[in-house]
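Visitor: Take this structure first; my questions come after.
In this note's numbering, the protein residues as written are 2 to 241.
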């Protein structure tokens, strides 16, 4: 019962963060899920649970989508997904935990420092492909894309909507890959039963936060969550 309660809280927090910022579901959710279950199950559950949130944001903010960037993200992001699914299938558990730890630490640093990734279309294309592969293998994608958009000059709502288009597509492609590779296990199904109501709670609260909470204050709260996630997953890697 304690594990189920913890899973509910983790997935609700992940949903809240993605609804508010447009990214961060897996950064918040994957490390604790990997401790509560196993790394592969954590990646699959986080990937499946983030999909409806991204689709909802895309539908709600569809008029704010930058169509040129969205098309670029979709093409190259989807191209990276098969490689990520393959990595998820061949990496041993410890190597997968190390990969998750690295992505969490890099993601936390990028969010903390607000680090822009310089370059134009080629850079965005490369980061999109890497993000698609990262999402399918570790469940983590957002910080790379956010860093690539730091210098774009786009309004926050446009960034959130445009990123959600890509995240919706890579989630759907990853779902197909998980199904083909036999990753949709009974354990994944049981966690999804907990995750659906958690997702709805997180989305409802997240939308209120998006409208009312000071952006800088919320950013600091997210950073604390990411710091806790980083410490937990690194501890797991070191002690395993």
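Don't be surprised by glycine CBs; every beta carbon is placed ideally from N, CA and C.
Where do the N-terminal and C-terminal ends of the alpha helix (DSSP H) with residue 42 fall, by residue?
Guide: Taken as a continuous stretch (DSSP letters only), the alpha helix (DSSP H) holding residue 42 covers 40-61.
Visitor: Looking at the unbroken alpha helix (DSSP H) that takes in residue 37, where does it start and where does it end?
Guide: Counting along the chain, the alpha helix (DSSP H) containing residue 37 begins and ends at 26-37.
Visitor: Does the segment 23-43 come close enough to the segment 97-109 to have 3 or more Cβ pairs within less than 8 Å?
Guide: Short answer: they touch.
Visitor: Tell me which residue opens and which closes the alpha helix (DSSP H) that residue 78 is part of.
Guide: Counting along the chain, the alpha helix (DSSP H) containing residue 78 begins and ends at 68-91.
Visitor: So residue 167 is in the alpha helix (DSSP H); what residue range does that whole segment cover?
Guide: Its alpha helix (DSSP H) spans residues 157-181.
Visitor: Does the Cβ of residue 183 have 16 or more other Cβ atoms within 10 Å, making it buried, or fewer, making it exposed?
Guide: With fewer than 16 other Cβ atoms within 10 Å, it is exposed.
Visitor: Check this for me: beta carbons of residue 44 and residue 16, under 7 Å apart or not?
Guide: In this structure, residue 16 does not lie closer than 7 Å to residue 44 by Cβ.
Visitor: Would the beta-carbon of residue 199 fall within 7 Å of that of residue 9?
Guide: Yes, these two residues count as a Cβ contact at 7 Å.
Visitor: In whole angstroms, what is the alpha-carbon distance linking residue 137 and residue 131?
Guide: Each residue's alpha carbon lies about 10 Å from the other.
Visitor: Between the alpha carbons of residue 141 and residue 168, how many angstroms are there, rounded?
Guide: Distance between the alpha carbons of residue 141 and residue 168 is about 11 Å.
Visitor: Taking the C-alpha atoms as reference points, what is the distance between residue 72 and residue 93?
Guide: C-alpha separation (whole angstroms): 34 Å.
Visitor: With a threshold of 16 other CB atoms inside 10 Å of the CB of residue 115, please say whether the residue is buried or exposed.
Guide: Exposed.
Visitor: What would DSSP say about residue 109, mapped onto helix, strand or coil?
Guide: Three-state DSSP puts residue 109 in a helix.
Visitor: Helix, strand or coil for residue 115, going by three-state DSSP, please let me know.
Guide: Coil, per DSSP.
Visitor: Whole-angstrom Cβ separation of residue 90 and residue 192, contact assumed at under 8 Å?
Guide: Not confirmed; about 20 Å, so no contact.
Visitor: Nearest to residue 66 by CA position, among 75, 11, 163, is which residue?
Guide: The candidate whose alpha carbon is nearest that of residue 66 is 163.
Visitor: Along the chain, where does the alpha helix (DSSP H) that runs through residue 131 open and close?
Guide: From DSSP, the alpha helix (DSSP H) with residue 131 extends over 122-139.
Visitor: Whole angstroms are fine: how far does the CA of residue 13 sit from the CA of residue 202?
Guide: C-alpha separation (whole angstroms): 6 Å.
Visitor: So, with DSSP's three-state summary, where would you put residue 98?
Guide: Correct three-state label for residue 98: helix.
Visitor: According to DSSP, is residue 228 part of a helix, a strand, or is it coil?
Guide: Helix, per DSSP.
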